[in-house]
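Enquirer:
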Amino acid sequence: MFWRRSNQSLNREIEDYLDRETRDNIARGMPPIEARAAAQRKLGNATRVKEETRAAWGWTWIERLWQDLRHARRMFAKNPGFSAVAVLSLAIGVGANCAMFSMADMLLWRPLPVANPAGIVTVGSYTATEVVDSLQISYPDYADLRDRARSFEGLVAYSLARVRFAARAEDLPDVRIAMTVTGNFFEVLGVEPEFGRGFRPEEAEVRGRDPVVVLTYEFWEQEFDADPSILGRQVRINDTGFTVIGVTPEKFTGVVQWIHPAFYIPITMPARLYSDSKSADPMGYLTERDSRFLSVKGRLAPGVGVDQARAEVATIGAALSQSFPKTNRDVRMGVRTEREAITSARPGVGALAAMLMTLAGAVLLVACANIASLLTSRAPARAREMALRLSIGASRPRLVRQLLTESALLGGAGGLLGVGLGHLGVALLDRFTFVSDVPVVLSIELNERSLFFGLAMALLSVFLFGLVPALQTTRTDLVSGLKATVGSVFQKRRFWGRNLLVVGQVATGLVLLAISSFMYIGFRAQLTSGPGFRTDHLLVMEFDPTLVDYTPEKTKQFYRDLTAGVRSLPGVRSAALASFLPMSSGADIRQIAPEGYEFPAGAGTAGVMSSLADESYFETMKIPIVEGRGFRSSDDAEAPRVAVVNQTLGERYWPAQSPLGKRFRLSGGEGPWVEIVGVARDSKYNGLTDPPADFLYLPYAQDPRNDMILMVESAGGAAQLAAPVRNLVRSLDPAQPIYAVRAMKEFFQGGPVHNTVLLIQAVGAMGLMGMVMALIGLYGLVAYAVSTRTREIGIRMAIGADRGSVLRMILRQGVALAVAGVGMGVLLSIGAMRVLVAVFPPPTAGGSGTLLGYALVVPASLAVTLLAAYIPARRASRVDPTVALRYE
Amino acid sequence: MPTGRELNRIDLLQGTLDMLILRTLLFGPAHGHTIAHAIDRGSEEVLQVEHGSLYPALHRLVRQGLLSAKDGLSENNRRAKFYSLTAKGRRHLTAESSKWDRLTRAIAGIMNPTGEEGRS
Numbered sequence: 028m029f030w031r032r033s034n035q036s037l038n039r040e041i042e043d044y045l046d047r048e049t050r051d052n053i054a055r056g057m058p059p060i061e062a063r064a065a066a067q068r069k070l071g072n073a074t075r076v077k078e079e080t081r082a083a084w085g086w087t088w089i090e091r092l093w094q095d096l097r098h099a100r101r102m103f104a105k106n107p108g109f110s111a112v113a114v115l116s117l118a119i120g121v122g123a124n125c126a127m128f129s130m131a132d133m134l135l136w137r138p139l140p141v142a143n144p145a146g147i148v149t150v151g152s153y154t155a156t157e158v159v160d161s162l163q164i165s166y167p168d169y170a171d172l173r174d175r176a177r178s179f180e181g182l183v184a185y186s187l188a189r190v191r192f193a194a195r196a197e198d199l200p201d202v203r204i205a206m207t208v209t210g211n212f213f214e215v216l217g218v219e220p221e222f223g224r225g226f227r228p229e230e231a232e233v234r235g236r237d238p239v240v241v242l243t244y245e246f247w248e249q250e251f252d253a254d255p256s257i258l259g260r261q262v263r264i265n266d267t268g269f270t271v272i273g274v275t276p277e278k279f280t281g282v283v284q285w286i287h288p289a290f291y292i293p294i295t296m297p298a299r300l301y302s303d304s305k306s307a308d309p310m311g312y313l314t315e316r317d318s319r320f321l322s323v324k325g326r327l328a329p330g331v332g333v334d335q336a337r338a339e340v341a342t343i344g345a346a347l348s349q350s351f352p353k354t355n356r357d358v359r360m361g362v363r364t365e366r367e368a369i370t371s372a373r374p375g376v377g378a379l380a381a382m383l384m385t386l387a388g389a390v391l392l393v394a395c396a397n398i399a400s401l402l403t404s405r406a407p408a409r410a411r412e413m414a415l416r417l418s419i420g421a422s423r424p425r426l427v428r429q430l431l432t433e434s435a436l437l438g439g440a441g442g443l444l445g446v447g448l449g450h451l452g453v454a455l456l457d458r459f460t461f462v463s464d465v466p467v468v469l470s471i472e473l474n475e476r477s478l479f480f481g482l483a484m485a486l487l488s489v490f491l492f493g494l495v496p497a498l499q500t501t502r503t504d505l506v507s508g509l510k511a512t513v514g515s516v517f518q519k520r521r522f523w524g525r526n527l528l529v530v531g532q533v534a535t536g537l538v539l540l541a542i543s544s545f546m547y548i549g550f551r552a553q554l555t556s557g558p559g560f561r562t563d564h565l566l567v568m569e570f571d572p573t574l575v576d577y578t579p580e581k582t583k584q585f586y587r588d589l590t591a592g593v594r595s596l597p598g599v600r601s602a603a604l605a606s607f608l609p610m611s612s613g614a615d616i617r618q619i620a621p622e623g624y625e626f627p628a629g630a631g632t633a634g635v636m637s638s639l640a641d642e643s644y645f646e647t648m649k650i651p652i653v654e655g656r657g658f659r660s661s662d663d664a665e666a667p668r669v670a671v672v673n674q675t676l677g678e679r680y681w682p683a684q685s686p687l688g689k690r691f692r693l694s695g696g697e698g699p700w701v702e703i704v705g706v707a708r709d710s711k712y713n714g715l716t717d718p719p720a721d722f723l724y725l726p727y728a729q730d731p732r733n734d735m736i737l738m739v740e741s742a743g744g745a746a747q748l749a750a751p752v753r754n755l756v757r758s759l760d761p762a763q764p765i766y767a768v769r770a771m772k773e774f775f776q777g778g779p780v781h782n783t784v785l786l787i788q789a790v791g792a793m794g795l796m797g798m799v800m801a802l803i804g805l806y807g808l809v810a811y812a813v814s815t816r817t818r819e820i821g822i823r824m825a826i827g828a829d830r831g832s833v834l835r836m837i838l839r840q841g842v843a844l845a846v847a848g849v850g851m852g853v854l855l856s857i858g859a860m861r862v863l864v865a866v867f868p869p870p871t872a873g874g875s876g877t878l879l880g881y882a883l884v885v886p887a888s889l890a891v892t893l894l895a896a897y898i899p900a901r902r903a904s905r906v907d908p909t910v911a912l913r914y915e
Numbered sequence: 004m005p006t007g008r009e010l011n012r013i014d015l016l017q018g019t020l021d022m023l024i025l026r027t028l029l030f031g032p033a034h035g036h037t038i039a040h041a042i043d044r045g046s047e048e049v050l051q052v053e054h055g056s057l058y059p060a061l062h063r064l065v066r067q068g069l070l071s072a073k074d075g076l077s078e079n080n081r082r083a084k085f086y087s088l089t090a091k092g093r094r095h096l097t098a099e100s101s102k103w104d105r106l107t108r109a110i111a112g113i114m115n116p117t118g119e120e121g122r123s
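Heads up: the protein sequence lines correspond to chains A and B, in order.
Heads up, the numbering used here is the position in the first sequence plus 27, with the first residue counted as 1.
Heads up, the numbering used here is the position in the second sequence plus 3, with the first residue counted as 1.
(1) With distance defined between alpha-carbon atoms, name the residue in L45/A, N124/A, E61/A, V331/A nearest to A39/B.
(2) Can you check whether the C-beta of Y86/B is within less than 8 angstroms of a C-beta belonging to chain A?
(3) Using a Cβ-Cβ cut-off of 8 angstroms, state whether N6/A counts as contacting chain B.
(4) Taking 8 angstroms as the threshold (beta carbon to beta carbon), is H95/B in contact with chain A?
(5) Secondary structure at A109/B, three-state DSSP: helix, strand or coil?
(6) In terms of residues, what are the limits of the alpha helix (DSSP H) holding G821/A?
(7) Would you decide whether G92/B is buried or exposed? Buried here means 16 or more other CB atoms lie within 10 Å of its CB.
(8) Please return the same chain residues whose Cβ sits closer than 7 angstroms to the Cβ of G481/A, not counting the five positions on each side in sequence.
(9) Rounded to a whole number of angstroms, what is the C-alpha to C-alpha distance between I286/A and G146/A?
(10) At what residue ranges does the segment 59-109 of chain A contain a whole run of the alpha helix (DSSP H), taking only runs of 4 or more?
(11) Starting from G35/B, trace the alpha helix (DSSP H) in both directions and tell me its first and last residue.
(12) Ignoring anything shorter than 3 residues or poking outside the segment 171-238 of chain A, list the beta strand (DSSP E) runs there in chain order.
(13) Assess, as a yes-or-no matter, whether the segment 692-706 of chain A is touched by the segment 737-754 of chain A under the definition of 3 or more beta carbon pairs within less than 8 angstroms.
(14) Anything in chain A within Cβ reach of E99/B, meaning under 9 angstroms, just list it in chain order.
(15) Closest to R316/A by C-alpha separation, out of Y153/A, E433/A, N355/A, A847/A, would be which residue?
(16) Between the segment 205-212 of chain A and the segment 174-183 of chain A, are three or more C-beta pairs nearer than 8 angstroms?
(17) In this structure, how does DSSP classify S33/A when only helix, strand and coil are distinguished?
(18) Considering only the beta carbon of each residue, do P238/A and F269/A sit closer than 8 angstroms?
(19) So, does the segment 574-587 of chain A touch the segment 784-801 of chain A, judging by three or more C-beta pairs under 8 angstroms?
(20) Tell me which residue opens and which closes the beta strand (DSSP E) that L61/B is part of.
(21) Kindly indicate if chain A contains any beta-carbon less than 8 angstroms away from that of A83/B.
(22) So, at 6 angstroms on beta carbons, what are the nonlocal neighbours of A113/A in its own chain, with the 5 sequence-adjacent residues on each side left out?
(23) Checking contacts by CB at 8 angstroms: is P32/B closer than that to chain A?
(24) Between the alpha carbons of V274/A and P288/A, how many angstroms are there, rounded?
(25) If you measure from the beta carbon of L70/A to each beta carbon in chain B, is any gap under 8 angstroms?
(26) Unbroken beta strand (DSSP E) runs of length 3 or more, entirely within the segment 660-701 of chain A: which are they?
(27) Do V390/A and S434/A come within 8 angstroms of each other at the CB atom, strictly closer than that value?
(28) Near M546/A, what residues of its chain come up, given a Cβ to Cβ distance below 6 angstroms and the 5 sequence neighbours on each side ignored?
(29) Run down chain B in chain order and give the residues with a C-beta less than 9 angstroms from the C-beta of R428/A.
(30) Quick one: Cα of P144/A to Cα of E365/A, how far?
(31) How many Å lie between E367/A and L139/A at the Cα?
(32) So which residues on chain B does T243/A lean against when the C-beta distance must stay under 7 angstroms?
(33) Which residue comes first and which comes last in the beta strand (DSSP E) that contains E646/A?
(34) When you compare the CB positions of V885/A and V833/A, do they come within less than 8 angstroms of one another, or not?
(35) Does the Cβ-Cβ distance between L883/A and S544/A come in under 8 angstroms?
(36) Interface residues of chain A around S56/B at Cβ under 9 angstroms?
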């Protein structure tokens, strides 16, 4: 707009000059036509005047940029194939990286939403044989640590708890997730409440004294419609009146990454009647040194490094072991940075993210190689253009700028499209769901960090791989550049580089394809072999009678009545109780000491996943007992203690023997002896892709617990049983809360299966993309080689070569590259596979899966690479000698 | 495209042309045509300024803030662009003309040294 107005004004100005000069000339007596011509002579070249005047405006760089962009657009429009392949390659590479980065960011790198997150570390205790390595600690240990450690500005402890919540006294309570925290929680983390206040340190010191609650922003919005007059309101938590004293800021979503609690209450308030408490005192956890359920975060004091803190905490841990040998003998204390904490708590996650990132990186590499080979293959043609432009007076910087503009346009288009693709990928990955009885928040998002990452990747790769050939092009020797025919400017040496590029590309493509088919086959095998338990005709729901203040005795009676009642309902085949729902990642970890087993030094016990189960469990869940027996109703509190182990556990501690009749001790080797009476077949426990793991079943009657899961096997549709079971529970106790009612099939399909399928798709897609792009590169190179040799082919044919021999000649070149690439790829992928197998133990199918992968990948990639070489070779053999010789 | 050598020549002319334009406008606002002829007349037609080269110079001076341009109506009721000197332009002209004076005196001193006069 501004541009056009300025131009109009300039035109008018020049016109004005010509008019006046003409008038003056006429006044001097010239005839009108001559007068106009004289005026024009006097002015000079009007176009040049205008051009130079425009240059004086200082906007020329925009004008030139515009010119360059128009030129670049014309160049791309003239070579639509080239442009499409380049932009698409880049888009795919960037998109894959963007999506994977977003996921890795969500899994590993997103910092805690607190002030200065870099100074926050995780502190806690562990034993040498922990299964889930997440540094939990007991309250007394925490208190000692807090009082003795000098390396920290502050240490906070917290724990998630399920509570009953009612906004008003007359409302029926709902089950919510609360976070119980120490009084210094907000202060140490540097979280300023949105309004109101956080806890004061003294508010979590005396048991039951301070009924105050801080709501999360999310909960305040949902439950109270963001009511600004919320402060001072009374709410009921576990039937106790609490006063709302504050609301957390919106961006503080909590310290547990995937779980957003509804509110925070002091750790000294009775949030839950801890069922694992060993004494009758419901709040005994505040004094029991072996109730290790708290998580601790610390803020390092200024100038204190992680190693220093680590040393101090280890020393305090050792001192505590000395002072309290009964509870702390094998317990060490450690410090982890946030990243270490995340990766050690979920080792699979880090490996998976690294794997996917590597795959995506390889895809981008292939994409870049593609662009590089595309650009270099155009270089000779461009060299003539550049030589021509240089010879008619273009400056070298101007040409470099032109080429840079082209690269930027390419990078920009590819990058934008890539970010769009990444967005799609993220939308796909965001369907990743975690099933659990607490509200898990997994928000994979294309945040500005991944956006920046994607665009930076795109521009970097284009400049790197586009500018180098561009610079070479402008360094052309003018004379030879103009004289030369296409292709002869570049020596054999150049061709070598390009060949290497294609070999590398095919090799990378093959590695990608091999890895992804390995993972694909592995995941598929796990998917089709099933989880090892029943998922159909099964209704599950969870109970926790302590929420309505049942005593342990009353709870046991409730479960007895419940199972008996449910079993007599019409349409119910069987019903069972368990403390763990497979695939919900909520298994208890028990420390066991098998009789006669020698642990490595420093460890006396091993942590294993375990579940309580009643006598119907194995039948209802259709988990076969391969040896011995399952539980019986006679395995009650009075009977000798028994256990069922899975095959993996049995083989680990009693290799090549039957575990039947063998014994172990519970509770860190101090507990009673337990005899193994049965071996259950291995099944999946936390996820479909997990490697086999130890698992221990204990009878519910010998180790009763409050929160249990009821599993009902139905004759017909599982969901239809929900209403009758609910009615039954209501008839037992109308106040009894039921939660997480679901059909196992949906739960299973929605979570584990769904996630595995997504993984399969992501991995498979990346392998395919990599290989396809490598093939495009190969095709492009052979096609280019053919086009540069048209003349030579013409001569060969003119002096008697037949089509077949030309075809063979060209094909030989392509095949050599393809075979070299495939060979290198196989070698590389064998190496990569070693790493892969170390990280992801192969599924039961094992090696045959890998072999099958090769059997598919190698011939397929050979065949397609041959095809990529054949098409241009065939075209070459069709060359008409007369046309080829006249060509130029 | 201009080569390096051409650019140098334009640079050399630029300073003086700018100065001449500024000097012309000292008497009041004028439009392009008037300025061109004023320079022609003032130099008694000795300086052959290609009138076209005036416009880039005018626009550059406007961008540098030495001149201001205003659309106005000329005597024959046509829309024309009037250029006038800004305060900055006035200061610039003073500085330039004293520099010019020194330059011409120095050149004159070299071209007509008193010693040589005596010999001829």
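We treat Cβ as the ideally placed atom computed from N, Cα and C, and that holds for glycine.
All of these numbers come straight from a predicted model, not from anything done at the bench.
Expert: Based on what the coordinates show:
(1) The option with the nearest alpha carbon to A39/B is L45/A.
(2) no
(3) Chain A is shown only over 28 to 915; residue 6/A falls outside these bounds and no answer can be derived.
(4) no
(5) helix
(6) 817-825
(7) buried
(8) V121, N124, C125, G442, G445, V446, G449
(9) Their Cα atoms are separated by approximately 22 angstroms.
(10) 59-70, 73-83, 87-105
(11) 35-45
(12) Segments of the beta strand (DSSP E) lying fully in the segment 171-238 of chain A: 179-193, 201-208.
(13) Because the criterion of three Cβ pairs below 8 angstroms is not met, the segment 737-754 of chain A and the segment 692-706 of chain A do not touch.
(14) Result: empty, since nearest Cβ-Cβ is about 18 angstroms, beyond 9 angstroms.
(15) N355/A
(16) yes
(17) helix
(18) yes
(19) no
(20) First-last for L61/B: 57-67, but that is the alpha helix (DSSP H), not the beta strand (DSSP E).
(21) Taking 8 angstroms as the threshold, the shortest C-beta distance from A83/B to chain A falls below it.
(22) I398, L401, L437
(23) no
(24) Taking the straight line joining both Cα atoms gives about 13 angstroms.
(25) So yes, L70/A belongs to the interface.
(26) 669-673, 690-692
(27) no
(28) V790
(29) Neighbours of R428/A on chain B: none; closest Cβ ~13 angstroms, over 9 angstroms.
(30) 9 angstroms
(31) 13 angstroms
(32) Within 7 angstroms Cβ-Cβ: nothing; T243/A doesn't reach chain B, min ~58 angstroms.
(33) Where E646/A is concerned, there is no enclosing beta strand (DSSP E), although the alpha helix (DSSP H) it sits in stretches over 644-647.
(34) no
(35) yes
(36) Listed along chain A are G71, V76, E79, each with a C-beta nearer than 9 angstroms to that of S56/B.
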